[in-house]
Amino acid sequence: MNTKRILVFVIAIMMSAASFAQKGSVSKADSYLAKNELVSAKAEIDVAITIEKNASKSRTWFSRGKIYQAIATSEDESTKAIDPDALEKAVIAYNKVLTMEKENSSYYLISTTNLDQMWGAYLNAGGTAYGEEDYEMALAQFEKALMVKEKDSTSLFYAGVAAQQAGNVDKTLEFYYQMIDMDIANEDIYSSVIYYERQKDNSEKALEVTRAAKAKFPNDSRFGQEEISLLLAMDKLDEAESQLKKSIEADPNNVNLYLNLGVLYDNLGSALMSEDKNDEARESFDKAKDSYIQAIAIEPDNYIANFNAGVIYVNLAKEYYDEVRDMDYKSYQKYGEAKTKKADAILKQGLPYMEKAISIKPDDIDGLKALQQMYTQLKMNDKAVEILDRVDALEAGQ
Numbered sequence: 011m012n013t014k015r016i017l018v019f020v021i022a023i024m025m026s027a028a029s030f031a032q033k034g035s036v037s038k039a040d041s042y043l044a045k046n047e048l049v050s051a052k053a054e055i056d057v058a059i060t061i062e063k064n065a066s067k068s069r070t071w072f073s074r075g076k077i078y079q080a081i082a083t084s085e086d087e088s089t090k091a092i093d094p095d096a097l098e099k100a101v102i103a104y105n106k107v108l109t110m111e112k113e114n115s116s117y118y119l120i121s122t123t124n125l126d127q128m129w130g131a132y133l134n135a136g137g138t139a140y141g142e143e144d145y146e147m148a149l150a151q152f153e154k155a156l157m158v159k160e161k162d163s164t165s166l167f168y169a170g171v172a173a174q175q176a177g178n179v180d181k182t183l184e185f186y187y188q189m190i191d192m193d194i195a196n197e198d199i200y201s202s203v204i205y206y207e208r209q210k211d212n213s214e215k216a217l218e219v220t221r222a223a224k225a226k227f228p229n230d231s232r233f234g235q236e237e238i239s240l241l242l243a244m245d246k247l248d249e250a251e252s253q254l255k256k257s258i259e260a261d262p263n264n265v266n267l268y269l270n271l272g273v274l275y276d277n278l279g280s281a282l283m284s285e286d287k288n289d290e291a292r293e294s295f296d297k298a299k300d301s302y303i304q305a306i307a308i309e310p311d312n313y314i315a316n317f318n319a320g321v322i323y324v325n326l327a328k329e330y331y332d333e334v335r336d337m338d339y340k341s342y343q344k345y346g347e348a349k350t351k352k353a354d355a356i357l358k359q360g361l362p363y364m365e366k367a368i369s370i371k372p373d374d375i376d377g378l379k380a381l382q383q384m385y386t387q388l389k390m391n392d393k394a395v396e397i398l399d400r401v402d403a404l405e406a407g408q
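When we follow my numbering, the leftmost residue of the sequence shown carries the number 11, and every step to the right adds one.
What follows is the structure, given as structure tokens:
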């Protein structure tokens, strides 16, 4: 056998092994990154991270974060194509650094800064696309911002709105439900979720969200009305009424139960009135009034009970005022005065409740405006002007 050939073969194997052994150098990966040779940098860091001694060092993860950040944020599509999951890998790498380093270390601070820069860039890109009405692109950018900061309230909100504008119902619900779970959703977010669940014929889910919204925003009448609308559509109004009555039997001094029953009848009355079922609406309003008065008997200084009782009388009187308003001249001459007197008499019955409500919360603008309108309707002009001045002063001070 030719010994020279054997020697050359052995040397070649040794050189190959040495070359393989040198793969996975973090320093080389950084060098490739500095030269913008991202394919080589990626290959180097991908091997480096599999080597135990490297994987235990924050420097390795920091380098990996920088390389994948460069790929993910490149404006060159061919560079982005090096790894479609580059953004996710960059975020994972930087977050790994944050778990390994102290908060005042350079790696920690730079990793945090880089994450913030990526988040801000995607958020701004999404905002630009949204302004150009490219809602699909806006959604894609906001989703990338969420990959960087998955619980960020701003990104979630913008992603949800972009999805809504893009007509992507599933994505809209995904982001809005996250906001609800994080307790950062406002009334409009809840309303959108309820609307879409109803559109998808998910009445039970819509009812669940509606009740959560009603509990969270007790002064927003939309959700009480929505609950009644859903219960009517689901043939469950009797069930709700029955449950409340049973609860009252078990706990007869619970003010909130009477309030809830009153709101149920109140909203039902509004729904029936909108359908021109005035007789049924009047009956429902009367039941609501009785429930509120029972609540007041237990807790005289309850603002909601007094305010709602006052509003009930407004609604009962409104039926007759509306009739008078819609009369032709001949009918008005015959019935107008009597109908107006009847409406005025009903409205006067509500005054003590609304006045009591304002004595409990003297700076409540909604209550003051309601009382001012009642005084105006009853031609109690001095009192109406006095209340209007209070409203103007309060609004000027806001």
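Using N, Cα and C, we set each Cβ at its ideal position, and we do this for glycine too.
Note that the structure is a prediction, hence the values are computed from the model and not measured.
Local conformation of residue i per DSSP, three classes
i, result
"Glu87", "helix"
"Leu388", "coil"
"Phe227", "coil"
"Asp245", "coil"
"Ala31", "Below a pLDDT of 50, predicted positions are generally treated as unreliable, and Ala31, at 46, falls in that range; no measurement from the model is reported."
"Ala1", "Because residue 1 is not part of the residues shown, which for the chain are 11 to 408, the question remains open."
"Ser73", "helix"
"Ala195", "coil"
"Gly177", "coil"
"Pro362", "helix"
"Glu325", "The question names Glu, yet the displayed sequence has Asn at residue 325. Three-state DSSP puts Asn325 in a helix."
"Lys159", "coil"
"Ile81", "helix"
"Asn264", "coil"
"Thr138", "helix"
"Asn105", "helix"
"Glu62", "helix"
"Lys393", "helix"
"Glu309", "coil"
"Lys371", "coil"
Buried or exposed by the 16-neighbour rule on C-beta atoms within 10 Å, applied to residue i
i, result
"Gly407", "exposed"
"Ala195", "buried"
"Gly141", "exposed"
"Gln382", "buried"
"Asp276", "buried"
"Thr109", "exposed"
"Gln93", "Before going further, note that residue 93 is Asp rather than Gln in the sequence given. Buried: at least 16 other Cβ atoms inside 10 Å."
"Phe19", "With a pLDDT of 43 at Phe19, under the threshold of 50, the predicted position of this residue should be treated as unreliable, and no value is reported."
"Gln127", "exposed"
"Gly130", "exposed"
"Ala177", "In the sequence as presented, Ala is not what sits at residue 177; that position holds Gly. The residue is exposed, with fewer than 16 neighbouring Cβ atoms inside 10 Å."
"Thr220", "buried"
"Ile375", "exposed"
"Val9", "As shown, the chain starts at 11 and ends at 408. That puts residue 9 outside it, with no answer to give."
"Ala31", "Summary for Ala31: the model assigns pLDDT 46, below 50, so the residue's position carries little reliability; its value from the coordinates is reported in the next sentence. The residue is exposed, with fewer than 16 neighbouring Cβ atoms inside 10 Å."
Short Cβ contact (8 angstroms threshold) for residue i with residue j
i, j, result
"Tyr206", "Thr182", "yes"
"Ala327", "Tyr302", "no"
"Ile306", "Ala315", "yes"
"Ile81", "Ala96", "yes"
"Leu267", "Glu237", "no"
"Tyr345", "Met337", "yes"
"Val324", "Thr350", "no"
"Val265", "Ile322", "no"
"Ala53", "Gly75", "no"
"Leu404", "Asp354", "no"
"Glu251", "Leu274", "yes"
"Lys371", "Tyr313", "yes"
"Met192", "Lys215", "no"
Nearest residue (CA-CA) to residue i, options the options
i, options, result
"Ile102", "Lys371, Glu236, Thr70 and Ala195", "Thr70"
"Ile156", "Met189, Gly141 and Asn264", "As written in the sequence, residue 156 is Leu, which differs from the Ile given in the question. Among Met189, Gly141 and Asn264, the Cα nearest to that of Leu156 belongs to Met189."
"Leu357", "Asp336, Ser341 and Met390", "Met390"
"Gln209", "Asp193, Leu240, Glu405 and Pro362", "Leu240"
"Gln235", "Glu214, Ala39, Ser252 and Ser201", "Ser201"
"Leu125", "Lys112, Ala139 and Asn105", "Asn105"
"Ile204", "Asp296, Ile308, Gln387 and Ala222", "Ala222"
"Thr83", "Gln151, Ala353 and Ala172", "Gln151"
"Ser163", "Val179, Tyr186 and Tyr117", "Tyr186"
"Ser50", "Glu396, Tyr385, Ser35 and Ala225", "Ser35"
"Ala135", "Ser121, Thr122, Glu153 and Ile120", "Glu153"
"Glu7", "Leu166, Gln175, Ile368 and Ser116", "The chain is shown from 11 up to 408; residue 7 falls before or after that span and cannot be answered."
"Glu197", "Asp230, Ile120, Asn212 and Val171", "Asp230"
Proximity test, residue i beta-carbon vs the ligand MN heavy atom, cut-off 7 angstroms
i, result
"Lys99", "The ligand content of the structure shown is nil, which means the ligand MN is not present either."
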